[in-house]
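A.B. asks: Dropping the structure in here first, questions after.
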Amino acid sequence: MSCGLALTIALAMSNPSVALAAEQPAAAPGAPVSVAGEPLFADIISRSASLKAVVDGWAAAKAADDAAFFTSQAFTSFKAQAEQLAALDMQGHLILKERGTDGDLKCILRGISEDMPKKVQAVQAAANPAERATALSELSYLLNDNVEVITAPPKPEV
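According to mature numbering (1 follows the signal peptide of the UniProt record, and there is no 0), the sequence shown holds residues -21 to -1, 1 to 137 in order.
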């Protein structure tokens, strides 16, 4: 038995992900390529994940129920970061539109860009703790969606 084959078998037996990856079909020539590794899209992923963690922390601590929350440095900073993220999502949309490559991701990024300020405003406009909890949950979901749509494996256009 060759050393390479022995190593492959050892790795496959020690890590189930290796075996799973080996079972996947080879990439077809001309198949769509993920943009997740490109700097702009990696930045969107990183920012979205960070902002989601902040929102989830606020929701768990019920921080938005404090009367001074919306004038706090934490919220005003978050709001500015969410606006920057929305602008990056729109930039991603425009890049993909120019390339003419990924219709679904292109449209989703535009939608997220448009929805982000609305979701932040919904948190501010919530009249009671239950509405704020719902608004924070929806904002968290949008931020998570922003990560998942970029990191999802691209599908060929039909």
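Idealized CB from N, CA, C, for every residue including glycine. Note that the structure is a prediction, hence the values are computed from the model and not measured.
Distance, Cα to Cα, I74 vs S51?
C.D. replies: Using only the alpha carbons, I get a separation of about 35 angstroms.
A.B. asks: From which residue to which residue does the alpha helix (DSSP H) around G90 run?
C.D. replies: Taken as a continuous stretch (DSSP letters only), the alpha helix (DSSP H) holding G90 covers 82 to 104.
A.B. asks: Return the chain-ordered list of same chain residues with a C-beta closer than 7 angstroms to the C-beta of I87, the five sequence neighbours on each side being excluded.
C.D. replies: So the qualifying residues of the chain are V128.
A.B. asks: What residue does the alpha helix (DSSP H) around F54 start on, and which one ends it?
C.D. replies: Its alpha helix (DSSP H) spans residues 52 to 78.
A.B. asks: Can you tell me the Cα-Cα spacing of D68 and A46, whole angstroms?
C.D. replies: Spanning the two alpha carbons is a distance of roughly 31 angstroms.
A.B. asks: For the alpha helix (DSSP H) that contains N125, what are its first and last residues?
C.D. replies: From DSSP, the alpha helix (DSSP H) with N125 extends over 108 to 130.
A.B. asks: In the structure shown, what three-state DSSP assignment does A15 receive?
C.D. replies: DSSP places A15 in coil when its eight states are reduced to three.
A.B. asks: Suppose you measure from the CA of F49 to the CA of A105; what does that come to, to the nearest Å?
C.D. replies: Cα-Cα distance, rounded: 11 angstroms.
A.B. asks: By Cβ distance below 8 angstroms, which residues in the same chain neighbour D22 in space, the five residues on each side in sequence not counted?
C.D. replies: Around D22: L67.
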